[in-house]
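Let me begin by presenting the structure, written as structure tokens, before commenting on it.
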Amino acid sequence: MELIEQLDTFSRRFAVWNANVDLGGYPFVENVHAPFTPVRRALPMLNLALVTSAGAYIDGTDAFDIESKDGDVTYREIPVEVEADDLRYAAKGYDPKDVMADRNSQIPVDRLLEYAENGVIGGLNNVWWSVSSHIPNAERVAKELAPAIADRLARYEIHAALFVPASPLCHQTLGIIARCVEMAGIPTMLLSVDPKLTDKVRPPRTAYYNGDFGSVAGKPNWREYQLRVLDEALRWTETFDQPGSRKLAVDLETSVEAARGER
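Residues are numbered in this note's numbering as their position in the sequence shown, beginning at 1, plus a constant of 304.
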């Protein structure tokens, strides 16, 4: 199975695309088929990987290049011990105000560590992966970045991976990477606030809801909201028996809370 079906068509259209911030005329990837690897361990027994595309990097290290037409296909491995105050963001395609106010809205390290402490998951891997929020050249994602991430996850003996995109374009980027990781035998789950786009890319498993770019893992400084998003999405990794996309119930629950005047 190809990571990008009709790759020649994408490459030809991308070559003549007039690069612009609004992605006008951009040839988004469209796939028909999706790979699928069943989950072989229960959540309390698995080592979970976190892959995000908020463009996070450690203060004092090199930022991602968000100005080139191709985009930056490097990645950063960031230890879970790194504090939020030590992170910086090369953001394009989304407003970083939410992740700067509360990294868990986009990079849910603390929420997942809570799950590990409470036995919901076996553990969060000791490093998480950060990629750029702006990589227009999907061919390079498929040929360079995706295999590199899949290889690193295999080396860390990851049992499942959670993908959290930040911008519209990186819903595509992480969808392609998730396809590659799944083809390498590691089950994946991708959070989405743009289901029309992710349905085109066809990652193996998608959990979507009516959220915001830049806080795809839940609204900032609202722990319960973030836990709701993550809880259902993670549990669905076990219940999917074929590739697909499901809507999270978080929207309905949040509306009920709002009606009660709760936060």
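Every residue, glycine too, gets a C-beta built ideally from N, C-alpha and C.
**Report entry** Entirely enclosed alpha helix (DSSP H) segments - the region 465 to 519, minimum 4 residues
**Finding:** 472 to 487, 499 to 505
Requested in this report: Starting from the Cα of Pro-547, find the closest Cα among Tyr-460, Asp-503, Glu-309 and give me that residue.
Outcome: As a first step, residue 547 is located in the sequence shown; it is residue number 243 there, counting from the start. It is Asp-503.
Report task. Consult DSSP for Arg-345 and reduce its assignment to one of helix, strand or coil. Result -> Numbered from its first residue, the sequence shown carries residue 345 at position 41. Of the three classes helix, strand and coil, the one that applies to Arg-345 here is coil, per DSSP.
Report task. With DSSP as the reference, label Pro-547 as helix, strand or coil. Result -> By 1-based counting over the sequence shown, the position of residue 547 is 243. Correct three-state label for Pro-547: coil.
Query raised in the report: I think Ile-490 touches Ala-465, with their Cβ atoms under 8 Å apart; what is that distance to the nearest whole Å?
Result: The count along the sequence shown starts at 1 and reaches residue 490 at position 186. The count along the sequence shown starts at 1 and reaches residue 465 at position 161. Indeed, because the Cβ distance is near 6 Å, the residues count as touching under 8 Å.
Query raised in the report: If you pair each beta-carbon of the region 473 to 484 with each one of the region 354 to 369, do three or more pairs fall below 8 Å?
Result: yes
Requested in this report: State the beta-bridge partners of Ser-434 as determined by DSSP.
Outcome: Position 130 of the sequence shown, counted from the first residue, corresponds to residue 434. Answer is Thr-356, Arg-380, bridged to Ser-434.
**Report entry** Local conformation of Tyr-393 per DSSP, three classes
**Finding:** Reading the sequence shown from its first residue, position 89 is the one you call residue 393. It is a strand residue.
Query raised in the report: What first and last residue would you give for the alpha helix (DSSP H) that runs through Ser-409?
Result: Here residue 409 refers to the residue found at position 105 of the sequence shown. That residue, Ser-409, is in no alpha helix (DSSP H); it is neither H nor E in DSSP.
Query raised in the report: So, are the CB atoms of Lys-571 and Ala-323 less than 8 Å apart?
Result: In this structure the chain extends from 305 to 567, so residue 571 is not present and cannot be described.
Query raised in the report: Leu-416 bridges to which residues according to DSSP?
Result: Here residue 416 corresponds to residue number 112 of the sequence shown, with the count starting at 1. According to DSSP, Leu-416 bridges with nothing at all.
Query raised in the report: Where does Asp-555 sit, in a helix, a strand or coil, going by DSSP?
Result: Sequence index remark: in the sequence shown, residue 555 carries index 251 (1-based). Reduced to three states, the DSSP call for Asp-555 is helix.
**Report entry** Residue from Pro-508, Leu-311, Leu-501 whose Cα sits closest to the Cα of Glu-277
**Finding:** Since the first residue shown for the chain is 305 and the last is 567, residue 277 is missing from the structure and cannot be characterised.
Query - Three-pair Cβ contact test at 8 Å for the region 328 to 337 versus the region 379 to 391 - result: no
**Report entry** Member of Leu-531, Met-349, Tyr-393 whose CA lies at the smallest distance from the CA of Glu-542
**Finding:** Translated into positions along the sequence shown, residue 542 becomes position 238. Ranking Leu-531, Met-349, Tyr-393 by Cα distance to Glu-542 puts Met-349 first.
Query raised in the report: Leaving out five residues before and five after Phe-517 in sequence, what residues of the same chain have Cβ atoms less than 7 Å from its Cβ?
Result: Counted from its first residue, the sequence shown places residue 517 at position 213. These residues qualify, in order along the chain: Tyr-398, Ala-470, Ser-471, Pro-472, Val-497.
Query raised in the report: Could you give the residue range of the alpha helix (DSSP H) that holds Asp-455?
Result: Translated into positions along the sequence shown, residue 455 becomes position 151. 450 to 459 is the span of the alpha helix (DSSP H), which, as asked, contains Asp-455.
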